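Colleague: Before I ask anything, let me first share the structure, which is written out below as structure tokens.
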Amino acid sequence: MAPILSLRGVSRSFGAVVVARDLDLDLAEGEALGMLGPNGAGKSTLFGLITGTLSLNSGTISFGGQDITHIPAAQRSRLGMARSFQVPQPFSGMTVFENCVAAGAFARNQAERAVYERAAYVLDQCGLTAKANVKAGTLTLLDRKRLELARALTTRPRLLLLDEVAGGLSEPECAILIELIKDIRTTGVSLIWIEHVIHALVAVVDRVVVLAGGVFIADDTPQRAIQHPKVVEVYMGIPASEAAETAAAGSEGRHVPA
Amino acid sequence: MTVLEASSPRAISVRFSNRSSRIGMLVVAVALLFCATAPLWADRSSLRLYGEIYTYVALASLWNLLAGYAGLVSVGQQAFVGLGGYVLFLLALNSGLNPLIGIPIAGLVSGLIAIPIIFVLLRLRGAYFTIGSWVVAEIFPQVFQQIPAVGGASGISLPAAVVKSIAASRDTREWLIYWLALAMAVLTIGAIVALLRTRWGLALAAIRDNELAARSNGMDVNRTRVVVFVAAAVATGMVGSLIFLQKLTVTPVAAFSINDWTVNIIFITVIGGIGRVEGPVIGTAVFFLLRQFLADFGSIYIIVLGVVAIAIMLKAPRGLWGFLADRYGWQVFPLTRRVVFRN
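Chains as they are written, first to last, in the numbering used here: chain A, 56 to 313; chain B, 1497 to 1839.
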């Protein structure tokens, strides 16, 4: 089956800083992809390029078989892309419920009553019913993150881009989030998840890519990707050759620290 | 977080009104009744003052829609106020139609002129948009000063015959214009409230709050801005035509005055509470109270206005109504969707 999302030769730099260097990526329909990488590696920038809030220097992006390279962000959203922002971007003067309704009403052009019901359902899913009529600007950081997820889900996306939704959650909350995202996956949505909370990521995704210096240095199953010598080098500062020896020596259960 | 089974959607109901807005609408209804019957109890000069107040309420509400919702901080709306005035005068002088027919036509012409203007201005962002709107507006008085057909720099007046064609008796005429000004304010606010209750209202509030998130959630920011700017120009042109119908004379300096039609309007909107429908109404009340009390003190009036503006910015940065609304949860117009979970 054709991939739902396909990046070919995607490049972007800010002045001398290259954040994406000739990137290729395919995401299969229904696949969940985890994205790792040190701070500043360009993970959130890549989400900006995919969703159209940033423009490419070169390369092409296609979504659902359609070339969307030159399509504006609003239209990409209507095609079925939804993104949660790493730094929450609520509509702060509107209520939590209205935040979701606004997204649902525009992103997928659903009828008003259907949007209301979808928004209420999603708020319930994300544990925000008690805050539904509260102005989003008054929410705590944790609730703002929940709202990011809820707003994205209200749009019934085909592709969901999650940017560090687990950061700052307590262990029990994280466990609930993992169940929630597994639950969302059963509806057939495709997923790319940027996350530093590795165990949450590993529990949900099928595949992990590691982005560093604007290139993917690993693309593998979650367990193998995080033990990849280059990944260990980037995170731990151990040269790849040594890391490869250590890995070959068969140390088990090695994890890249978050 | 609780994870629910997909099979158990919760029954909900969604309402706009609450206790606060029900009380608010009652207050509005009583106030409207009071205003509508003013010709029966107020003298001629009071009626003129009230008429002027209504036109300011309408202009400030429209500017609030632009700056407070669509993020278009224009300081060039005087272009449409003056244009509306000139269109009405030209029609009345040359067509022999009742001047009142000129009001909607003035709006239409303003809207048409606004279309190319907004497409040019939208190439600019933020402060550059603001400066650009000013530059564009400055073209208007320059052009009208050069046209002999509209009296050049000295402007034109409506001849007595044309004025009489509105209505034969002076009282009827003044009442008619008073009611038109009231209707203009009520319709402007009514239309804004109706707009804000649709999904386009959600888009406007979303753009006001967070443009990046609005774009990422399917909202076409530029298209929304074009529509709002043109609609505001139509209404501003109509209000402008009515303002100069009250004055019976129009000059380029008065018609395109940035002080009268933009600086005062910004003062009103900002101290009343920008980004809230109630704000411009409160702001207009404060502005006219200050003006009436300080009218005899000359330039001190300007100083006091400045001090009031600074004090409010420091103590209530969201304006007077913003302060009250945040503190007591007040809301006059039923604009917020409230969801109630039934089970």
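All residues carry an ideal CB built from backbone N, CA and C; glycine is no exception. Note that the coordinates shown come from a computational prediction; the quantities given were computed from them, not determined experimentally.
So, for A1538 (chain B): in the same chain, excluding its five sequence neighbours on each side, which residues have a beta-carbon less than 8 Å away from its beta-carbon?
Modeller: Y1546
Colleague: Does the beta-carbon distance from M1701 (chain B) to A1709 (chain B) come in below 8 Å?
Modeller: Per the sequence shown, the amino acid found at residue 1701 (chain B) is Ala instead of Met. Their beta carbons are not under 8 Å apart, which means A1701 (chain B) does not touch A1709 (chain B) by this criterion.
Colleague: I need the DSSP call for Q165 (chain A), collapsed to helix, strand or coil.
Modeller: coil
Colleague: Per DSSP, which residues does V1835 (chain B) bridge with? Please list them.
Modeller: DSSP output for V1835 (chain B) lists B:V1510 as bridge partner(s).
Colleague: Mark A1588 (chain B) as exposed unless 16 or more other C-beta atoms lie within 10 angstroms of its C-beta, in which case mark it buried.
Modeller: buried
Colleague: Looking at the C-beta of G1714 (chain B), does it have a partner C-beta in chain A at a distance below 8 Å?
Modeller: yes
Colleague: Let me see if you follow: with CB-CB separation under 8 Å, is A149 (chain A) close to chain B or not?
Modeller: According to the sequence provided, residue 149 (chain A) is Met. The question's Ala does not apply to it. Put simply, the CB of M149 (chain A) is near chain B, with a gap under 8 Å to one of its CB atoms.
Colleague: Under 8 Å between C-beta atoms, does R1511 (chain B) make it to chain A?
Modeller: no
Colleague: Classify R309 (chain A) as buried or exposed, calling it buried when 16 or more other Cβ atoms lie within 10 Å of its own Cβ.
Modeller: Here the model assigns R309 (chain A) a pLDDT of 46, short of 50, so the residue's position is not dependable and the matter cannot be decided.
Colleague: Identify every run of the alpha helix (DSSP H) within the segment 1735-1805 of chain B, keeping only runs that are complete inside it and at least 4 residues long; order them along the chain.
Modeller: The segment 1735-1805 of chain B contains these whole alpha helix (DSSP H) runs: 1748-1751, 1760-1768, 1774-1790.
Colleague: Comparing the C-beta of E307 (chain A) with each C-beta of chain B, is any distance below 8 Å?
Modeller: In this predicted model, E307 (chain A) has a pLDDT of only 47, less than 50, meaning its place in the structure is not dependable enough to derive any value.
Colleague: Could you have a look at Q282 (chain A) and say whether DSSP puts it in helix, strand or coil?
Modeller: coil
Colleague: Determine, using beta carbons only, whether L224 (chain A) and M90 (chain A) come nearer to each other than 8 Å.
Modeller: no
Colleague: Could you list which residues in chain A have their beta carbon closer than 9 Å to that of N1560 (chain B), in chain order?
Modeller: What N1560 (chain B) touches in chain A: nothing, since even the nearest Cβ is about 14 Å away.
Colleague: Residues of chain A with a CB under 9 Å from the CB of G1771 (chain B): which are they?
Modeller: G148
Colleague: Tell me the start and end of each unbroken beta strand (DSSP E) in the segment 233-268 of chain A that is at least 3 residues and wholly inside, in chain order.
Modeller: 245-249, 262-267
Colleague: Can the beta-carbon of V1847 (chain B) be found closer than 8 Å to that of L1786 (chain B)?
Modeller: Outside the displayed span of chain B (1497 to 1839) sits residue 1847 (chain B), for which this structure offers no information.
Colleague: Could you pull the start and end residues of the beta strand (DSSP E) that D79 (chain A) belongs to?
Modeller: 72-82
Colleague: Can you tell me whether T276 (chain A) is helix, strand or coil according to DSSP?
Modeller: coil
Colleague: For a test of the three-state rule: what should DSSP assign to F140 (chain A), helix, strand or coil?
Modeller: F140 (chain A) falls in the coil class under three-state DSSP.
Colleague: Assuming D218 (chain A) is part of the beta strand (DSSP E), what are its boundary residues?
Modeller: 214-218
Colleague: Have a look at A:G135, A:V65, A:L82, A:A96 and flag the residue whose alpha-carbon is nearest the alpha-carbon of N112 (chain A).
Modeller: A:V65
Colleague: Are the C-beta of E172 (chain A) and some C-beta of chain B separated by less than 8 Å?
Modeller: True, the Cβ-Cβ gap to chain B drops below 8 Å.
Colleague: Identify every residue that forms a DSSP beta bridge with G89 (chain A).
Modeller: A:W248, A:V263
Colleague: How many angstroms separate the CA atom of L1691 (chain B) from the CA atom of L1561 (chain B)?
Modeller: 10 Å
Colleague: Give every residue of the same chain whose Cβ lies closer than 7 Å to the Cβ of V41 (chain A), excluding the five residues on either side of it in the sequence, and list them in chain order.
Modeller: As shown, chain A starts at 56 and ends at 313. That puts residue 41 (chain A) outside it, with no answer to give.
Colleague: Give a yes or no on whether 8 Å exceeds the smallest Cβ distance from V1473 (chain B) to chain A.
Modeller: Because chain B here runs from 1497 to 1839, residue 1473 (chain B) falls outside it and cannot be looked at.
Colleague: Are the segment 1770-1784 of chain B and the segment 1619-1632 of chain B in contact at 8 Å, needing three or more beta carbon pairs?
Modeller: no
Colleague: Flag L1691 (chain B) as yes if its beta-carbon sits less than 8 Å from any beta-carbon of chain A, otherwise no.
Modeller: no
Colleague: Does the CB of S132 (chain A) have a neighbour CB from chain B at under 8 Å?
Modeller: It does: the Cβ of S132 (chain A) has a partner Cβ on chain B nearer than 8 Å.
Colleague: Per DSSP, what kind of secondary structure is F1576 (chain B) in: helix, strand or coil?
Modeller: helix
Colleague: On a Cα-Cα basis, can you pick out the residue from B:I1614, B:Q1573, B:R1515 that is closest to T1732 (chain B)?
Modeller: B:Q1573
Colleague: Tell me V1730 (chain B)'s beta-bridge partners as DSSP assigns them.
Modeller: Answer is none; V1730 (chain B) lacks a bridge partner.
Colleague: For S296 (chain A), does the three-state DSSP call read helix, strand or coil?
Modeller: helix
Colleague: Determine, using beta carbons only, whether D198 (chain A) comes closer than 8 Å to chain B.
Modeller: no
Colleague: Compute the beta-carbon to beta-carbon distance between G1578 (chain B) and F1752 (chain B), rounded to the nearest angstrom, for a pair I have assumed lies under 8 Å.
Modeller: 4 Å
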